[in-house]
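Input: a single structure, listed below in C-alpha cells.
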Amino acid sequence: MNPSPINQTMVLYFIIKGISDVAELQLPIFLLVLLIYLVTLAGNVTIFLLVCLDHHLHTPMYFFLANLSIADMSSSTITLHKVLLTFILGNDAVSFHGCLSQVYLFASITGHELFILAVMSYDRYVAICNPLRYHSIMTSGACILLASSCCLLGFLLVIPPVVIVSGFTCYTSNRIDHFFCDLVSLVKLTCSDTSILELLNLTEGLIISTLLPFILTFVPYVFIISTIIKIPTSSGRQKAFYTCSSHLTVVTILYVILTCQYILPTTLSIADKKFFSLFNTAAVPMLNPLIYSLKNKDMKSALRRWMAKSRITFY
Numbered sequence: 001m002n003p004s005p006i007n008q009t010m011v012l013y014f015i016i017k018g019i020s021d022v023a024e025l026q027l028p029i030f031l032l033v034l035l036i037y038l039v040t041l042a043g044n045v046t047i048f049l050l051v052c053l054d055h056h057l058h059t060p061m062y063f064f065l066a067n068l069s070i071a072d073m074s075s076s077t078i079t080l081h082k083v084l085l086t087f088i089l090g091n092d093a094v095s096f097h098g099c100l101s102q103v104y105l106f107a108s109i110t111g112h113e114l115f116i117l118a119v120m121s122y123d124r125y126v127a128i129c130n131p132l133r134y135h136s137i138m139t140s141g142a143c144i145l146l147a148s149s150c151c152l153l154g155f156l157l158v159i160p161p162v163v164i165v166s167g168f169t170c171y172t173s174n175r176i177d178h179f180f181c182d183l184v185s186l187v188k189l190t191c192s193d194t195s196i197l198e199l200l201n202l203t204e205g206l207i208i209s210t211l212l213p214f215i216l217t218f219v220p221y222v223f224i225i226s227t228i229i230k231i232p233t234s235s236g237r238q239k240a241f242y243t244c245s246s247h248l249t250v251v252t253i254l255y256v257i258l259t260c261q262y263i264l265p266t267t268l269s270i271a272d273k274k275f276f277s278l279f280n281t282a283a284v285p286m287l288n289p290l291i292y293s294l295k296n297k298d299m300k301s302a303l304r305r306w307m308a309k310s311r312i313t314f315y
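The opening residue of the sequence shown carries number 1 in the working numbering; numbering runs sequentially from there.
See the structure below:
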C-alpha cells in the first residue's frame with residue numbers, strides 16, 4: 001500500500017516502515033529476525049517446560065523464571081511478527097486499532113517483565129539474607145500472589161495512556177518509522193494535544209512503571225552484596241553470588257538497553273533507536289534463557305534428565 005498525505009482528522013491505518021528501507025537488506029533482515037525469533041521460542045519454551053515437568057525446579061526462583069519466559073516469548077511475538085509478515089505477505093499496513101493493540105500489549109508485557117524481575121530480586125534477597133525463613137516467606141501462595149500482582153500491574157498501568165492515545169484524531173502522517181507500533185513513535189505523529197499524556201508518562205510511566213521496579217530490583221542487591229561480603233569463606237561467598245549472578249546479568253543488560261532506548265532519545269538517531277529496540281525485543285529475550293541455562297547448574301541438570309528420559313545422549 002502506498003501512504004497518502006494525511007489531511008483528514010482520522011487515520012484508518014498506519015504504514016510500518018520496518019527495520020530498513022534498503023531492498024537488498026530485506027531478505028537478510030528477514031532471515032536474521034526469523035532465526036532470532038525461533039531461537040527465542042525454543043529457549044524459553046524449553047525453560048518453561050523444564051520448570052513445569054521437573055520437580056527439582058518446583059521452587060520460587062524457577063516459578064518466577066517460567067513467568068519471565070512467558071513474558072519474553074510474548075514480547076518477541078508481539079513486536080517481531082509484523083517484520084516477518086511484511087516480508088512474507090508484502091503488506092506493511094496495520095489498522096489503527098491493531099496498532100493501538102500492539103502498543104498496549106507490548107507496554108503491558110514490558111511492565112510485567114520489569115516487575116517480575118523485581119520480584120526475582122526479592123526472592124534472591126530472602127534466600128541469601130534470610131535463608132532460615134525462606135520457605136516460610138516464599139510459600140506457594142505468596143509466589144502466586146506476587147506473580148499475579150506483577151501481571152495485573154503491567155496490564156493496568158498501561159490502560160490510561162492507551163485510552164488517551166485512542167482519542168487522538170489528528171496525525172501529520174500515517175508512516176511509523178519503526179518496525180512495530182511503538183508508543184513514542186506513534187505520539188510523534190500526532191498533532192493532537194499531548195500535554196496530559198506527557199504528564200501521565202512522567203508520573204506513571206517513568207516513576208511507577210520504570211523507576212519503581214528499578215529500585216525494587218537493585219536495592220535488594222545492596223543487602224545481598226553486604227551479606228555475601230560478610231560470609232567468612234570464599235567458597236561460601238562464591239556459592240551465594242552464583243545463585244543470583246544470572247538474574248543480575250539479565251537485569252543489568254535490560255536496564256542498560258532501556259536507558260539507551262528511552263532515557264537518551266534526543267542523542268540517538270532513528271537507526272540507533274531501532275537498533276536498541278531490536279536488541280530489547282529480540283536479542284534480550286533470546287539471551288535470557290541462554291544466560292540462565294549456561295550459568296545455572298539446576299537448569300543444566302534438569303535438561304540432562306529430560307534428554308535422558310527422551311533417550312538422547314547428552315555430552
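We put the beta carbon where it would ideally sit given N, CA and C, even for glycine.
Boundaries of the alpha helix (DSSP H) around Tyr-134: 134-137.
A check of alpha carbon separations from Ile-128 across Phe-276, Asp-72, Ala-282, Ile-231 identifies Ile-231 as the nearest. At a Cβ-Cβ threshold of 7 Å, Lys-82 and Ile-16 count as neighbours. When DSSP assignments are scanned along the stretch 204-275, the uninterrupted stretches of alpha helix (DSSP H) that are 4 or more residues long and fall wholly within it turn out to be 212-230, 234-258. The alpha-carbon separation between Val-126 and Arg-175 amounts to approximately 49 Å. Per DSSP, reduced to three states, the secondary structure at Phe-179 is coil, with no helix or strand assignment.
Here the alpha carbons of Ser-166 and Leu-100 stand approximately 7 Å from one another. Taking 7 Å as the cut-off, the beta carbon of Ser-246 is found closer than this to the beta carbon of Tyr-292. In this structure, Ala-71 sits near Glu-113, with a CB-CB distance shorter than 7 Å. In this structure, the alpha-carbon of Phe-155 lies about 8 Å from that of Gly-111. Here Pro-220 is buried. Its C-beta has 16 or more other C-beta atoms within 10 Å. When the beta-carbon positions are compared, Leu-200 and Pro-160 come within less than 7 Å of each other. Sorting Ala-42, Asp-182, Val-51, Thr-217 by C-alpha distance to the C-alpha of Phe-106 places Asp-182 at the top. Put simply, of Ile-229, Val-11, Leu-34, Leu-212 the residue whose alpha carbon is nearest the alpha carbon of Phe-87 is Leu-34.
Collapsing the DSSP output to three states places Thr-169 in coil. The beta carbon of Phe-276 sits closer than 7 Å to those of Ile-257, Cys-260, Gln-261, all from its chain and outside the five residues before and after it, given in chain order.
The Cβ neighbour count for Cys-150, taken over all protein chains shown within 10 Å, is at least 16; the residue is labelled buried. The bridge partners DSSP lists for Thr-190 are Tyr-171.
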